[in-house]
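Visitor: A single structure is presented below for examination.
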Amino acid sequence: MTLAAIPNALAQLQVNRWEISRPWYEAWAGLVYPLVTLATLGWIIAVGVAIGRKGASPSSGTTPRSVSREAVAATQPRSLLSS
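What the sequence shown shows, in the UniProt record's numbering, is residues 1 to 83, in sequence order.
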């Protein structure tokens with residue numbers, strides 16, 4: 001009951017719950033964050049699609065090379081090699 005009563009009591013002190021007084025330029029500057037977020041996500045998707053298309057062609061030279069067992073064993077800790 002106390003957890004619900006404190007925010008309600010604080011809300012009663014405000015003139016209007018939905019009105020937040022700030023200068024117009026600060027309010028409009030808040031739009032920068034969602035716009036930059038969407039631009040960043042679009043950029044990540046575009047780069048991912050471009051890399052996916054580049055990697056899909058067989059002549060692009062991005063196919064993984066074969067690795068010998070000795071090369072893999074050289075990178076493993078000794079405890080894993082004994083088992």
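The C-beta atom is built at its ideal place from N, Cα and C for all residues, glycine as well. Quick caveat: nothing in here was measured; it's all calculated off a predicted structure.
In three-state terms, what does DSSP make of VAL15?
Guide: As a first step, residue 15 must be located in the sequence shown, where it is residue number 15. Three-state DSSP puts VAL15 in coil, outside helix and strand.
Visitor: Output the distance between the C-alpha atoms of LEU38 and ALA27, rounded to the nearest integer angstrom.
Guide: Your numbering for residue 38 matches position 38 in the sequence shown. Your numbering for residue 27 matches position 27 in the sequence shown. Cα-Cα distance, rounded: 19 Å.
Visitor: Look at the alpha carbon of PRO23 and the alpha carbon of ALA29, and state the distance between them as a whole number of angstroms.
Guide: Taking the first residue of the sequence shown as 1, we reach residue 23 at position 23. Taking the first residue of the sequence shown as 1, we reach residue 29 at position 29. Rounded to whole angstroms, PRO23 to ALA29 spans 10 Å at the Cα level.
Visitor: Quick one: give me the first and last residue of the alpha helix (DSSP H) that ARG69 is part of.
Guide: Residue numbering aside, residue 69 sits at position 69 when the sequence shown is read from its first letter. Element bounds for ARG69: 69 to 75.
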